[in-house]
Amino acid sequence: MPAPSDREIRRAYAQCIDKARAHYENFPVASRLLPARLRGPVAAIYVFARRADDLADEGTLPAEARLRALDALEQQLLAAAEGRPDDDPGFVALAHAIRSHGLPVSLFQDLLNAFRQDVNKKRYADFGELMQYCRLSANPVGRLLLHLVGHTDERSLAWSDAICSSLQLINFYQDLSQDYHEMGRIYLPQDEMARFGVTERHIAEAISDMSMQRLMHLQFTRADRLLRSGAPLGGMLKGRFGLEIRLITLAGARVLWHLKRQQSSLFSRPRLRLADYAVILRGALFPARAARTATARTP
0 MPAPSDREIR RAYAQCIDKA RAHYENFPVA SRLLPARLRG PVAAIYVFAR RADDLADEGT
60 LPAEARLRAL DALEQQLLAA AEGRPDDDPG FVALAHAIRS HGLPVSLFQD LLNAFRQDVN
120 KKRYADFGEL MQYCRLSANP VGRLLLHLVG HTDERSLAWS DAICSSLQLI NFYQDLSQDY
180 HEMGRIYLPQ DEMARFGVTE RHIAEAISDM SMQRLMHLQF TRADRLLRSG APLGGMLKGR
240 FGLEIRLITL AGARVLWHLK RQQSSLFSRP RLRLADYAVI LRGALFPARA ARTATARTP
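Counting from 0, one number per residue, gives the positions in the sequence shown under numbering that gives the first Met the number 0.
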């Protein structure tokens with residue numbers, strides 16, 4: 000197959016951007032705030048991850064079929080990484096992004112391993128197991144973004160890992176009911192559930208009693224601490240990319256803020272509204288002022 004032309008690559012990137020923007024996300028994806036040169040590569044990464052996620056969650060197929068589909072997707076990935084993408088626009092764009100930005104293929108393979116784990120693993124014994132899952136499912140995305148802008152020093156990668164793991168955990172917390180009823184998964188540490196007297200019945204029947212509230216208070220506090228530990232990344236990165244990282248971080252913090260407030264309904268999924276986006280945008284545009292305000296309100 001001949002190499003894609005420049006026109007075909009531009010068209011492939013445009014299709015990836017359209018697909019990325021078609022999905023509602025509490026966290027911005029390939030937004031117009033990003034520098035134009037990054038929107039296509041970011042969207043290509045997102046489309047790949049979304050495709051793999053959809054394969055892992057295809058509930059009408061047996062596990063073996065979903066795993067075979069993920070294996071086939073990995074073969075498409077490897078061919079694209081070698082400069083031999085098929086005519087799928089997502090892989091045409093991804094092949095160009097990998098080549099142009101030196102994106103490590105191993106990070107995409109980590110994502111695939113996380114989705115394979117989703118097929119086979121439904122419970123997590125402790126928080127360490129959950130963090131290992133986040134290392135595969137979330138952290139590669141942040142690391143790929145840093146490769147796009149050439150910030151791959153150890154400190155930046157560590158901050159990114161903290162943000163991405165926290166955002167993954169926050170997604171688990173806002174989707175507790177959906178993950179259980181649709182996929183049979185519980186992304187809460189089993190040992191901590193037992194410690195607080197929380198059983199699977201709490202999740203099956205959306206019981207927000209004191210035991211569940213205490214368990215989730217621990218989860219929210221830990222995710223908040225993790226998110227704050229990575230927040231300096233948004234201040235260190237300059238320009239529109241740094242703004243985008245601050246927006247993503249603050250959006251996660253805002254979702255977590257809503258989760259903390261709805262103690263009597265822990266299984267309701269927060270939806271960010273105009274007022275929330277105003278808070279997020281103000282904090283992203285004026286980070287120093289937001290930090291001073293937060294400090295002043297801390298008891």
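Every residue, glycine too, gets a C-beta built ideally from N, C-alpha and C.
Using the three-state DSSP reduction, which class does residue i fall into: helix, strand or coil?
i      : result
Tyr186 : coil
Pro231 : helix
Ala137 : coil
Ala283 : helix
Ala205 : coil
Glu181 : helix
Pro269 : coil
His146 : helix
Ala299 : Limits of the chain in this structure are 0 at one end and 298 at the other, which puts residue 299 out of reach.
Thr220 : helix
Val278 : helix
Gly39  : helix
Phe195 : coil
Asp56  : coil
Arg115 : helix
Arg50  : helix
State the start and end residues of the unbroken alpha helix (DSSP H) segment that holds residue i.
i      : result
Pro34  : First-last for Pro34: undefined, no H or E at that position.
Gln173 : 153-173
Asp17  : 5-21
Glu243 : 238-260
His100 : 88-100
Ala79  : 62-80
From residue i to residue j, what does the alpha carbon distance come to, in whole angstroms?
i      : j      : result
Pro286 : Ala78  : 42 Å
Gly234 : Arg83  : 38 Å
Ala274 : His100 : 37 Å
Gln261 : Ser267 : 8 Å
Gln189 : Leu175 : 14 Å
Thr198 : Gln173 : 18 Å
Leu145 : Gly241 : 11 Å
Arg221 : Arg227 : 10 Å
Asp178 : Pro1   : 43 Å
Leu76  : Arg194 : 43 Å
Ser210 : Leu217 : 11 Å
Based on the DSSP secondary-structure assignment, which residues constitute the bridge partners of residue i?
i      : result
Tyr123 : Pro188
How many whole angstroms separate the CB atoms of residue i and residue j, which I take to be in contact at a CB cut-off of 8 Å?
i      : j      : result
Ala13  : Ala43  : So it is not a contact: roughly 11 Å between Cβ atoms.
Cys163 : Gly149 : Actually they are not in contact, since the Cβ atoms of Cys163 and Gly149 sit about 18 Å apart, beyond 8 Å.
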